[in-house]
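Participant: Numbering (our numbering), first residue to last: 1 to 225. I am attaching a structure below and will ask some questions about it afterwards.
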């Protein structure tokens, strides 16, 4: 009798262990993405409710390659951001180009020959890899009137329609979530270049407004996990 009871308890314990193992392994498949990792905010407020950013506390994730532009008048002026109130999404408008090629283009503007002012904090390649070009605390020349209070992201694309690959899209969601959490921003603080100047950038998200709304929903979905 005692042997049967021991055997039954062993079987029951085994069933529980199998269930727990299944739950932790299968949960991402059953419910979509895994829960988002908690990201510490770099923002506090003073006694008057003013935002204060602890720039030194911001640690750029390991999945981002740091390849900063040289300080220069045309693409990295070295001006400190007043605050970060939003994230602006762009596309390169240069089908088939890589993140490294676009980064090097920004770096090449330093000679002043073209007289062009342009850069971006981050560039996402079609394979999903990300390059950081500008420090988190500095201004980039990407978003016109919003240069001084936003972080900019350029996205590479394969075709003229500007549609992002799945790898680019997934990395964009991941990067935007990290930025929103770091700078204590609501998802509606994520905007397109189009929303600042009316320029059709990023083209696919301007032409397909529903896809832009879907992107914002995906960002919010990850943030809520």
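We put the beta carbon where it would ideally sit given N, CA and C, even for glycine.
I need the straight-line Cα distance from residue 87 to residue 70, nearest angstrom please.
Facilitator: Roughly 23 Å separates the two Cα atoms.
Participant: Given a cut-off of 9 Å, decide if residue 90 and residue 225 are closer than it, judged by their beta-carbon atoms.
Facilitator: Not a contact, by the Cβ cut-off of 9 Å.
Participant: What do you get for residue 103, buried or exposed, if any count of 16 or more other CB atoms within 10 angstroms of its CB means buried?
Facilitator: buried
Participant: Leaving out five residues before and five after residue 196 in sequence, what residues of the same chain have Cβ atoms less than 7 Å from its Cβ?
Facilitator: Excluding residues within five positions, the ones whose Cβ falls inside 7 Å are 88, 143, 144, 145, 146.
Participant: Tell me the DSSP bridge mates of residue 65?
Facilitator: 131, per the DSSP bridge assignment.
Participant: Alpha helix (DSSP H) containing residue 103: first to last residue?
Facilitator: Residue range 99-108 is occupied by the alpha helix (DSSP H) that includes residue 103.
Participant: If you draw a straight line from the C-alpha of residue 72 to the C-alpha of residue 55, how long is it?
Facilitator: 21 Å
Participant: Which residues in the same chain as residue 45 place their Cβ atom closer than 7 Å to its Cβ, once the five residues preceding and following it in sequence are excluded?
Facilitator: 51, 52
Participant: Measuring straight from C-alpha to C-alpha, what distance separates residue 139 and residue 178?
Facilitator: Their Cα atoms are separated by approximately 19 Å.
Participant: Mind the definition here: the segment 203-211 touches the segment 55-69 only if three or more C-beta pairs lie below 8 Å; say whether that holds.
Facilitator: Verdict: no, contact absent.
Participant: Leaving out five residues before and five after residue 30 in sequence, what residues of the same chain have Cβ atoms less than 6 Å from its Cβ?
Facilitator: In this prediction, residue 30 scores a pLDDT of 40, lower than 50, which makes its location untrustworthy; the coordinate-derived value is nonetheless stated afterwards. Annotation for residue 30: no residue places its beta carbon closer than 6 Å to its own, counting only its chain and skipping 5 residues before and after.
Participant: Are there 16 or more other CB atoms within 10 angstroms of the CB of residue 57, so buried, or fewer, so exposed?
Facilitator: exposed
Participant: For residue 154, report the span of its beta strand (DSSP E) as first-last.
Facilitator: Residue 154 -> beta strand (DSSP E) spans 150-155.
Participant: Closest to residue 120 by C-alpha separation, out of 134, 129, 114, would be which residue?
Facilitator: 134
Participant: Just the C-alpha distance for residue 212 and residue 47, rounded to the nearest angstrom, thanks.
Facilitator: 37 Å
Participant: Can you list, in chain order, the residues of its chain whose CB lies under 8 Å from that of residue 189, leaving out five sequence neighbours each side?
Facilitator: Hits under 8 Å: 85, 86, 87, 180.
Participant: Could you tell me the alpha carbon to alpha carbon distance between residue 77 and residue 111, rounded to whole angstroms?
Facilitator: Straight through space, the alpha carbons of residue 111 and residue 77 are spaced by roughly 13 Å.
Participant: Is the beta carbon of residue 155 sitting closer than 9 Å to the one on residue 123?
Facilitator: yes
Participant: Roughly how many angstroms separate the alpha carbons of residue 167 and residue 174, rounded to a whole number?
Facilitator: 11 Å
Participant: How many Å lie between residue 220 and residue 113 at the Cα?
Facilitator: 42 Å
Participant: Does DSSP put residue 190 in a helix, a strand or coil?
Facilitator: strand
Participant: State the beta-bridge partners of residue 86 as determined by DSSP.
Facilitator: 150
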